[in-house]
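Plus 557 on top of the position in the sequence shown (first one is 1) and you've got my numbering.
Note that CB positions come from ideal geometry on N, CA and C, so glycine has one too.
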Amino acid sequence: MNTFDQAYHDLLQHVLDKGTTKDDRTGTGTISTFGYQMRFDLSKGFPLLTTKRTSFKLIATELIWFMRGDTNIKYLLQYNNNIWNEWAFKRYVESDDYHGEDMTDFGRRALKDEAFNEVYQQEMEKYKERILTDDTFAKKYGELGNVYGKQWRDWIGPNGESVDQLQNLIDSIKNTPYSRRHIVSAWNPAEIETMALPPCHTLFQFYVNDGKLSLQLYQRSADVFLGVPFNIASYSLLLLLVARETGLEVGEFIHTFGDVHIYKNHIEAVETQLSRDGFDAPTVKINTDKSMFDLEYEDFELVDYKSHKSIKAPIAV
Numbered sequence: 558m559n560t561f562d563q564a565y566h567d568l569l570q571h572v573l574d575k576g577t578t579k580d581d582r583t584g585t586g587t588i589s590t591f592g593y594q595m596r597f598d599l600s601k602g603f604p605l606l607t608t609k610r611t612s613f614k615l616i617a618t619e620l621i622w623f624m625r626g627d628t629n630i631k632y633l634l635q636y637n638n639n640i641w642n643e644w645a646f647k648r649y650v651e652s653d654d655y656h657g658e659d660m661t662d663f664g665r666r667a668l669k670d671e672a673f674n675e676v677y678q679q680e681m682e683k684y685k686e687r688i689l690t691d692d693t694f695a696k697k698y699g700e701l702g703n704v705y706g707k708q709w710r711d712w713i714g715p716n717g718e719s720v721d722q723l724q725n726l727i728d729s730i731k732n733t734p735y736s737r738r739h740i741v742s743a744w745n746p747a748e749i750e751t752m753a754l755p756p757c758h759t760l761f762q763f764y765v766n767d768g769k770l771s772l773q774l775y776q777r778s779a780d781v782f783l784g785v786p787f788n789i790a791s792y793s794l795l796l797l798l799v800a801r802e803t804g805l806e807v808g809e810f811i812h813t814f815g816d817v818h819i820y821k822n823h824i825e826a827v828e829t830q831l832s833r834d835g836f837d838a839p840t841v842k843i844n845t846d847k848s849m850f851d852l853e854y855e856d857f858e859l860v861d862y863k864s865h866k867s868i869k870a871p872i873a874v
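This is how it looks when you write it as structure tokens:
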């Protein structure tokens, strides 16, 4: 078992052993604990989990989407990245422009009712097709509000000015590397109600020491089985990109949590993953000299990734 998979398995086991049963916003129910930290030394490879297949393509395209300041799922769908679909779809089916089958509480109903699930999948496919082919529809119903990318690249200050937090961060690391203010926040209290989903990974901070760049993320809420593997890889990839952009070596990714939880309908999947042994960690290459802000997914190369099969589990919306 490589150290990355082991750290994640330790988190899964910690929540199972120490967690308490709680109700939650989605109505699914969780086993939850509060406060946890993992550390990943990126000199040992890239922490893409190997005890279940985790899609690097989904992780990289979402990160590019964040870095561009995009908040519309059209770009993601162009790469067959469906991880934000449910939240945008929810906004559409709750609007006056939707005239299809009743989609109330579609996430849980689809799990329990096979006939409804078939209808839901058909409606989702029609929705996705319209996002990809109808620019007017996509502009209105592909939007998620002022989520991560908007806050990273276009935070609106007290006088209405635009603040590009990510570009300012790069400049700060280059010019004042030992500053304690290398921080980007996605949690904007004034705009929470404008977001399809308030940010779970709320704030990150960079730290320079001995020519190495490290990154710590604070995540207020963590779906340990479905979300956290993506968060680990996404912010590790961000660390690689910022280190490359600022001419530094990579150090550690430190992942700090508030509410860490396993949904009750994920427990069987978690136990399956815990029964597996991992493989050696892969590495990531960037085959271009372009700035991080100009990267395309095709510029990345995942090297020597070997994993067990994926494990499916329902998402709670």
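Inset, instruction - Report whether the distance from the Cβ of T618 to the nearest heavy atom of the ligand NAD is below 8 Å. - result: Among the components of this structure there are no ligands whatsoever, and the ligand NAD is therefore not found.
Inset, instruction - Label R738 either buried or exposed according to how many other C-beta atoms from any shown protein chain fall within 10 Å of its C-beta, with 16 as the threshold for buried. - result: Under this definition R738 is an exposed residue.
Inset, instruction - Put F603 into one of helix, strand or coil per three-state DSSP. - result: Three-state DSSP puts F603 in coil, outside helix and strand.
Inset, instruction - Please state whether DSSP places H818 in a helix, a strand or coil. - result: Here H818 sits in strand by DSSP.
Inset, instruction - Tell me, please, whether the CB atom of I588 is closer than 9 Å to any CB atom in chain C? - result: Although the question refers to chain C, the structure presented lacks it and comprises just one protein chain.
Legend entry - Residues that L852 bridges to, as DSSP identifies them: Secondary-structure assignment with DSSP links L852 through no beta bridge to anything.
Inset, instruction - Check each candidate in D691, G784, A779, N766 and name the one with the smallest Cα separation from E809. - result: The candidate whose alpha carbon is nearest that of E809 is N766.
Inset, instruction - Could you spell out where the beta strand (DSSP E) holding N766 opens and where it closes? - result: It spans 758-766 - the beta strand (DSSP E) in which N766 sits, taken as one unbroken run.
Legend entry - S600 versus K696: straight-line alpha-carbon distance, rounded: Taking the straight line from one Cα to the other gives about 41 Å.
Inset, instruction - State the start and end residues of the unbroken alpha helix (DSSP H) segment that holds G706. - result: Per DSSP, G706 belongs to the alpha helix (DSSP H) from 705-710.
Legend entry - For Q776: DSSP bridge partner residues: The partner list for Q776 (beta bridge, DSSP) reads H758, F814.
Legend entry - Endpoints, the alpha helix (DSSP H) within which K793 is located: Strictly speaking, residue 793 in this sequence is Ser, with Lys absent from that position. For S793, the uninterrupted alpha helix (DSSP H) run begins and ends at 785-803, by DSSP.
Legend entry - Y792 versus I616, K731, D659, I824, residue with shortest Cα-Cα distance: Measuring from the Cα of Y792, the nearest candidate turns out to be I616.
Legend entry - Status (buried if at least 16 other CB within 10 Å, exposed otherwise) for H823: Result: buried.
Inset, instruction - Could you pull out every residue in the same chain whose Cβ sits closer than 8 Å to the Cβ of S652, ignoring the five residues on either side in sequence? - result: Excluding sequence neighbours, S652 sits near Y698.
Legend entry - Rounded straight-line distance, which links the Cα of E658 to that of S589: S589 and E658: Cα-Cα distance of roughly 35 Å.
Inset, instruction - Just list the beta strand (DSSP E) runs in the segment 676-753, keeping only unbroken ones of 3 residues or longer that don't cross its boundaries, in chain order. - result: Here the runs fully enclosed are 740-742.
Inset, instruction - Name the one or two DSSP bridge partners that T578 has. - result: Per DSSP, I588.
Inset, instruction - Could you check the C-alpha separation between V799 and F673 for me, to the nearest Å? - result: The alpha-carbon atoms of V799 and F673 are separated by roughly 45 Å.
Inset, instruction - Drop a sphere of 10 angstroms on the beta-carbon of K707, count the other beta-carbons inside from all chains shown, and report buried for 16 or more, exposed for fewer. - result: By the beta-carbon neighbour count (other beta carbons within 10 angstroms, threshold 16), K707 is buried.
Legend entry - C-alpha distance - L859 paired with Q776, whole-angstrom precision: Approximately 26 Å between the Cα atoms of the pair.
Legend entry - Own chain, CB closer than 8 Å to D856, minus 5 neighbours either side, in chain order: Answer for D856: I843, N844, T845, K847, listed in chain order.
Inset, instruction - Using three-state DSSP, classify Y632 as helix, strand or coil. - result: Residue state, collapsed to three classes: helix.
Legend entry - Status (buried if at least 16 other CB within 10 Å, exposed otherwise) for Y735: The residue is exposed, with fewer than 16 neighbouring Cβ atoms inside 10 Å.
Inset, instruction - Determine, using beta carbons only, whether F597 and H812 come nearer to each other than 9 Å. - result: With contacts defined by Cβ atoms closer than 9 Å, F597 and H812 form a contacting pair.
Legend entry - The beta strand (DSSP E) enclosing F537, as first and last residue numbers: Not covered by the structure: residue 537. The range shown for the chain is 558 to 874.
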